[in-house]
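2 protein chains.
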Amino acid sequence: MTFRYAQRMAKVRPSAIGELLALGADPSIISFGGGYPDATLFPQEQLDTIFHDIIRAPGGAAMQYAPSNGLPHLREQIAQLMSADGTLCTGDDVLVLQGSQQGLDFAARMLIDPGDVIITEDPTFLGALIAFEPSQPKYAVVPVDSEGMQTERLEAILSANPRARLIYTVPDFQNPTGVTLSLVRRKQLIELANRYDLIVLEDTPYRHIRFSGQNLPTLKSLDTEGRVIHLGSFSKVLVPGLRIGWAIASPDLLARMGLLKVAADTQTSTLNMAAASLFLDRYDLSAHIATLRTAYATKKEVMLDAIRQHFPQEISATDPEGGLFTWLTFPESFDATAFMREVALPQARVAYVPGATFFPLTPRANHARFNFSAQSEANIQTGIAALGLALHANLSF
Amino acid sequence: MTFRYAQRMAKVRPSAIGELLALGADPSIISFGGGYPDATLFPQEQLDTIFHDIIRAPGGAAMQYAPSNGLPHLREQIAQLMSADGTLCTGDDVLVLQGSQQGLDFAARMLIDPGDVIITEDPTFLGALIAFEPSQPKYAVVPVDSEGMQTERLEAILSANPRARLIYTVPDFQNPTGVTLSLVRRKQLIELANRYDLIVLEDTPYRHIRFSGQNLPTLKSLDTEGRVIHLGSFSKVLVPGLRIGWAIASPDLLARMGLLKVAADTQTSTLNMAAASLFLDRYDLSAHIATLRTAYATKKEVMLDAIRQHFPQEISATDPEGGLFTWLTFPESFDATAFMREVALPQARVAYVPGATFFPLTPRANHARFNFSAQSEANIQTGIAALGLALHANLSF
Chain A
1 MTFRYAQRMA KVRPSAIGEL LALGADPSII SFGGGYPDAT LFPQEQLDTI FHDIIRAPGG
61 AAMQYAPSNG LPHLREQIAQ LMSADGTLCT GDDVLVLQGS QQGLDFAARM LIDPGDVIIT
121 EDPTFLGALI AFEPSQPKYA VVPVDSEGMQ TERLEAILSA NPRARLIYTV PDFQNPTGVT
181 LSLVRRKQLI ELANRYDLIV LEDTPYRHIR FSGQNLPTLK SLDTEGRVIH LGSFSKVLVP
241 GLRIGWAIAS PDLLARMGLL KVAADTQTST LNMAAASLFL DRYDLSAHIA TLRTAYATKK
301 EVMLDAIRQH FPQEISATDP EGGLFTWLTF PESFDATAFM REVALPQARV AYVPGATFFP
361 LTPRANHARF NFSAQSEANI QTGIAALGLA LHANLSF
Chain B
1 MTFRYAQRMA KVRPSAIGEL LALGADPSII SFGGGYPDAT LFPQEQLDTI FHDIIRAPGG
61 AAMQYAPSNG LPHLREQIAQ LMSADGTLCT GDDVLVLQGS QQGLDFAARM LIDPGDVIIT
121 EDPTFLGALI AFEPSQPKYA VVPVDSEGMQ TERLEAILSA NPRARLIYTV PDFQNPTGVT
181 LSLVRRKQLI ELANRYDLIV LEDTPYRHIR FSGQNLPTLK SLDTEGRVIH LGSFSKVLVP
241 GLRIGWAIAS PDLLARMGLL KVAADTQTST LNMAAASLFL DRYDLSAHIA TLRTAYATKK
301 EVMLDAIRQH FPQEISATDP EGGLFTWLTF PESFDATAFM REVALPQARV AYVPGATFFP
361 LTPRANHARF NFSAQSEANI QTGIAALGLA LHANLSF
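Here's what the structure looks like:
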């Protein structure tokens, strides 16, 4: 049978993410592909105790249904974390989500009619494009340099795109490039959003994993007109398997996202919300994050050192101040997708994410995203060395 | 600030479900409102052991990211459960969802362009209407009698609605009426779906909680052309707090729902999928369900007995063969919403769901849905008695 689908499905197609997650599961491949945190650093003992206590608690509340917008105590705790980071808010300003990915879907569904324009960094997070696609947006893109989205180019883009409705950004240690939006540009972004009546979607999964440099204020904390939807997540700082993220937004926006939450899946898992909440009550999340920072900073150094040692000199890599990724630039003629398929996977037994997939409009073939958080230091060295050999042997790519 | 929202948000409005979940949380109210299972019957000890074992398992896989369409072993296990129930399928035919609610959202997004028609039972599950609304459907409705959706009326409705795309049904112990679709009507429904090129969305959260009568084949097992999307859930037979549901559908439909899963929230919680999977490996779900059946059958009897004893004789209640709900019919002039607001809540301290909310097109005020699974037998007796007194004292309503 062939069925007739809704128009919104026209551009909803299989993506590289699914295939790459599958490749990452082959234990004979060293994958720098996914955005996985290091599983050896998961707070296993604490979560074990916590799940025991919430499941055994009288009344069974952690196993029952819960309010759609999230457990009230968890919402308060998230507001405290946000406020301690300079983004003042209360539990009423928090909507608990099924990972921050769900916030990307909701923001697009809430704001985008078919043909409306979403402005993204170029390149940008592939998962966001996947989330936006069923809302049938068009895209306008802003190039990224070492200080993030080039907001000085934004005004011309906004003038040329009267249907622009939403600016999507990962301001801290951006996915895929690892760069951070400077303070001057953060302020300029807010100023332009006000002037052009746009909503800003601020996605911050890596924000707290900073290795060096100074913490910068969130866009939400600089928001003067309630135009910023801030998305946060425990996936990278606690464990991804909980699937707990959140949105912070002004009441009007948050209420509508809350209605989409009821429609989309009723609620996030009560057990997982209760577990995250008890973790925050009982343990020091900052101390746990400090451990992650140290470990990932070391891994980043190991990867960049190995790249410098093993890769041809024409290949450059960003040196991020935090997060999970470095972004590689190969010579103009290099096709990172073809190289992965024909050489890296079958010969070097190494995976990464070819860069082309992160460009919403005009793919550029000579980039790749490398994750340094998931693999051990030994695997990083082995994988990069193997890839270096293959690159030297295939310079013509 | 007031913002401009996408057109799909026009009819996305706060619903009774949110308010009622809030009321149910007030411990001084006896709520027959929500569709909560009995928390005293949750498999607390088993889940405690299971979470301990999956969190402590070497490698931390249960806390890490997992494939978007679900853990492969869980998909196989669900296929085995389905096959044992007469719906033959393999793990490849299964998509794990964030509760079956997510399947309602995905089916509408996949199939419904604005103005396309969804055919529902009248009355129907409110949560489905909430899920469908952002896809901007119109509705056509089929009355329900003691044998479920009156499929003999369906052909005329299909002829009158050329844009009909989807038939939504809860065939077993329907929400809100508790009635079950007869075998003759199941076959007629499939036959008409084939003839009119429709997709059937079969929602079965209560299917395994049968008190009496004979198990009937799922619509999916009667599906001759791959037109049925079957939704199942562990919420009522295990615990709601896991938020694990699933879809079974033909490859083309399932693949597209899988793409929406990646877009919507990346994946269901790994921890919760791993927990459900280990429960199925280690314990006898059928034995657990047998306990639930006995308990809920007794509670149903307690509620119907109490209604017969305490309510005015003009009020009738359905006697369901399974599930969680009975459906009350009051005299034509009675307004169950007004009575709840003005008498039941403030005086009798009892909540239910006024029936008007379950009718997609023309609300009828003289109905109410009563849940008998959540409250203790003592509370059922106390609550129904208090409501009976209030009804007798307010016959003019």
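For the record, the sequence lines run as chains A and B.
Going letter by letter, the first sequence gives residues 1 to 397 in UniProt numbering.
Going letter by letter, the second sequence gives residues 1 to 397 in UniProt numbering.
Cβ atoms here follow ideal geometry from the backbone N, Cα and C, with glycine treated the same way.
Discussion item. Taking a contact to mean a Cβ-Cβ separation below 8 Å, would you say Ala131 of chain B touches Gln174 of chain B in this structure?
Written reply: As a position in the second sequence, residue 131 of chain B is number 131, starting the count at 1. As a position in the second sequence, residue 174 of chain B is number 174, starting the count at 1. Not closer than 8 Å, so no.
Practice prompt. Pull up the DSSP beta-bridge partners for Asn371 of chain B, would you.
Written response: In the second sequence, the residue the question calls residue 371 of chain B occupies position 371. According to DSSP, Asn371 of chain B bridges with B:Phe325.
Discussion item. Between Leu111 of chain B and chain A, is any beta-carbon pair separated by less than 8 Å?
Written reply: Counting from one through the second sequence, the residue named residue 111 of chain B turns up at place 111. So yes, Leu111 of chain B belongs to the interface.
Discussion item. With a threshold of 8 Å between beta-carbons, can Arg282 of chain B be considered close to chain A, or not?
Written reply: Mapped onto the second sequence, residue 282 of chain B falls at position 282. Chain A, which has no Cβ nearer than 8 Å to the Cβ of Arg282 of chain B, makes this no.
Fill in: Against chain B: residues of the segment 50-67 of chain A by CB proximity under 7 Å
Phe51, His52, Ile55, Arg56, Gly59, Gly60, Ala62, Met63, Gln64, Tyr65, Pro67
Worksheet item: Buried or exposed: which applies to Thr204 of chain A, given that a residue is buried once 16 or more other Cβ atoms fall within 10 Å of its Cβ?
Response: Position 204 of the first sequence, counted from the first residue, corresponds to residue 204 of chain A. That one is buried.
Item to complete: Could you tell me the distance, in whole angstroms, from the CA atom of Pro176 of chain B to the CA atom of Thr326 of chain A?
Response: Numbered from its first residue, the second sequence carries residue 176 of chain B at position 176. Numbered from its first residue, the first sequence carries residue 326 of chain A at position 326. Those two C-alpha atoms are separated by around 53 Å.
Item to complete: Could you tell me whether the segment 295-310 of chain B touches the segment 332-347 of chain B, where touching means 3 or more Cβ pairs closer than 8 Å?
Response: no
Discussion item. Three Cβ pairs or more, each shorter than 8 Å: is that satisfied between the segment 42-58 of chain A and the segment 31-51 of chain B?
Written reply: yes
Worksheet item: I think Arg34 of chain A touches Asn371 of chain A, with their Cβ atoms under 8 Å apart; what is that distance to the nearest whole Å?
Response: Your numbering for residue 34 of chain A matches position 34 in the first sequence. Your numbering for residue 371 of chain A matches position 371 in the first sequence. According to the sequence as given, residue 34 of chain A is Gly; it is not Arg. About 6 Å; that satisfies the 8 Å criterion.
Item to complete: May I ask which residues mark the beginning and end of the beta strand (DSSP E) holding Ile119 of chain B?
Response: Working through the second sequence from its first residue, we reach residue 119 of chain B at position 119. Ile119 of chain B -> beta strand (DSSP E) spans 117-122.
Discussion item. I'd like to check one pair, Leu95 of chain B with Asn69 of chain B: are the Cβ atoms closer than 8 Å?
Written reply: In the second sequence, counting from the first residue as 1, residue 69 of chain B sits at position 69. In the second sequence, counting from the first residue as 1, residue 95 of chain B sits at position 95. Yes, the Cβ-Cβ distance between Asn69 of chain B and Leu95 of chain B is below 8 Å.
Practice prompt. Since I believe Phe311 of chain A is in contact with Leu219 of chain A (beta carbons under 8 Å), could you give me their beta-carbon distance rounded to a whole number of angstroms?
Written response: Taking the first residue of the first sequence as position 1, residue 219 of chain A is located at position 219. Taking the first residue of the first sequence as position 1, residue 311 of chain A is located at position 311. Contact between Leu219 of chain A and Phe311 of chain A does not hold, since their C-beta atoms are separated by about 35 Å, which reaches or exceeds 8 Å.
Worksheet entry | Asp203 of chain A (DSSP reduced to helix, strand or coil) | Looking up residue 203 of chain A in the first sequence gives position 203. The DSSP-derived three-state label of Asp203 of chain A is strand.
Worksheet item: Hey, is Asp223 of chain B's beta-carbon within less than 8 Å of any beta-carbon in chain A?
Response: By 1-based counting over the second sequence, the position of residue 223 of chain B is 223. Not closer than 8 Å to any Cβ of chain A, the Cβ of Asp223 of chain B fails to qualify, so no.
Worksheet item: Does the segment 220-236 of chain B come close enough to the segment 177-194 of chain B to have 3 or more Cβ pairs within less than 8 Å?
Response: By the Cβ criterion, the segment 220-236 of chain B is in contact with the segment 177-194 of chain B, since at least three pairs of Cβ atoms, one from each stretch, lie closer than 8 Å.
Item to complete: Consult DSSP for Pro72 of chain B and reduce its assignment to one of helix, strand or coil.
Response: For this step, residue 72 of chain B is matched to residue 72 along the second sequence. The answer is helix: DSSP assigns Pro72 of chain B an H, G or I state.
Fill in: Cβ-based neighbour list, Gly178 of chain B, same chain, cut-off 7 Å, excluding 5 preceding and 5 following
Position 178 of the second sequence holds residue 178 of chain B. These residues qualify, in order along the chain: Thr318, Pro320, Gly323, Phe325, Thr326, Trp327.
Worksheet entry | Neighbour list for Val239 of chain A in chain B, Cβ cutoff strictly below 7 Å | The residue given as residue 239 of chain A occupies position 239 in the first sequence. Neighbours of Val239 of chain A on chain B, chain order: Met63.
Worksheet item: Short check: CB of Val353 of chain B to CB of Leu259 of chain A, under 8 Å?
Response: Counted from its first residue, the second sequence places residue 353 of chain B at position 353. Counted from its first residue, the first sequence places residue 259 of chain A at position 259. No; because the gap between Cβ atoms is not below 8 Å, this pair is not in contact.
Worksheet item: Cβ of Ala61 of chain A within 7 Å of any heavy atom in the ligand COA?
Response: Inclusion of the ligand COA in the displayed structure is not the case, the ligand content being empty and no account of it being possible.
Discussion item. According to DSSP, simplified to helix, strand and coil, what is Leu361 of chain B?
Written reply: Position 361 of the second sequence, counted from the start, is the residue given in the question as residue 361 of chain B. Looking at Leu361 of chain B - three-state DSSP - the assignment turns out to be coil, as it is neither helix nor strand.
Discussion item. Just to make sure I have the definition right: I need the residues of chain A whose C-beta is within less than 8 Å of the C-beta of Arg256 of chain B. Which are they?
Written reply: If you number the second sequence from 1, residue 256 of chain B lands on position 256. Against Arg256 of chain B, the close residues of chain A are Tyr5, Met9, Val12, in the order they occur along the chain (beta-carbon pairs closer than 8 Å).
Discussion item. On the DSSP letters alone, give me the boundaries of the alpha helix (DSSP H) that Lys220 of chain A sits inside.
Written reply: Looking up residue 220 of chain A in the first sequence gives position 220. Residues 219-222.
Discussion item. Measuring alpha carbon to alpha carbon, tell me which residue in A:Ser31, A:Gln98, A:Ser221 is nearest Glu377 of chain A.
Written reply: On the first sequence, residue 377 of chain A is found 377 positions in, with the first residue counted as 1. Ranking A:Ser31, A:Gln98, A:Ser221 by Cα distance to Glu377 of chain A puts A:Ser31 first.
Discussion item. So if DSSP puts residue 399 of chain B in a beta bridge, which residue, or which two residues, is it bridged to?
Written reply: Residue numbering for chain B in the displayed model covers 1 to 397; residue 399 of chain B lies beyond these limits and cannot be assessed.
Worksheet item: Quick one: does Arg243 of chain A have its CB under 8 Å from some CB of chain B?
Response: For the purposes of this step, residue 243 of chain A is taken as the residue at position 243 of the first sequence. It does: the Cβ of Arg243 of chain A has a partner Cβ on chain B nearer than 8 Å.
Practice prompt. Determine which residues of the segment 195-215 of chain A have a Cβ less than 7 Å from any Cβ of chain C, and write them out in chain order.
Written response: Annotation note: the requested chain C is absent from the structure, which comprises protein chains A and B.
Item to complete: Assuming Pro123 of chain B and Phe359 of chain B form a contact by the criterion Cβ under 8 Å, report the distance between their Cβ atoms to the nearest whole angstrom.
Response: What you label residue 123 of chain B is simply residue 123 of the second sequence in a count that begins at 1. What you label residue 359 of chain B is simply residue 359 of the second sequence in a count that begins at 1. Confirmed, Cβ separation roughly 5 Å.
Discussion item. Between Ile130 of chain A and chain B, is any beta-carbon pair separated by less than 8 Å?
Written reply: For the purposes of this step, residue 130 of chain A is taken as the residue at position 130 of the first sequence. Output row for Ile130 of chain A: interface = yes.
Worksheet item: Can you find a C-beta in chain B that's less than 8 Å from the C-beta of Phe234 of chain A?
Response: In the first sequence, the residue the question calls residue 234 of chain A occupies position 234. Phe234 of chain A does not count as touching chain B.
Practice prompt. Determine the DSSP secondary structure at Thr169 of chain B, reduced to helix, strand or coil.
Written response: Reading the second sequence from its first residue, position 169 is the one you call residue 169 of chain B. Strand at Thr169 of chain B.
Worksheet item: Does any residue of chain A bring its CB to less than 8 Å from the CB of Gln375 of chain B?
Response: As a working mapping, residue 375 of chain B is identified with position 375 in the second sequence. Closer than 8 Å: no.
Fill in: Listed by chain order, chain A residues near Glu133 of chain B by CB distance under 7 Å
Taking the second sequence and counting its residues from 1, the one referred to as residue 133 of chain B is at position 133. The contacting residues are Ala263.
Fill in: the segment 65-79 of chain A touching the segment 72-90 of chain B, judged by at least three CB pairs closer than 8 Å
no
Practice prompt. Please check the pair Arg186 of chain B and Gln98 of chain B, which I expect to be a contact at CB under 8 Å, by giving their CB distance rounded to whole angstroms.
Written response: As a position in the second sequence, residue 186 of chain B is number 186, starting the count at 1. As a position in the second sequence, residue 98 of chain B is number 98, starting the count at 1. About 28 Å separates the two Cβ atoms, so there is no contact after all.
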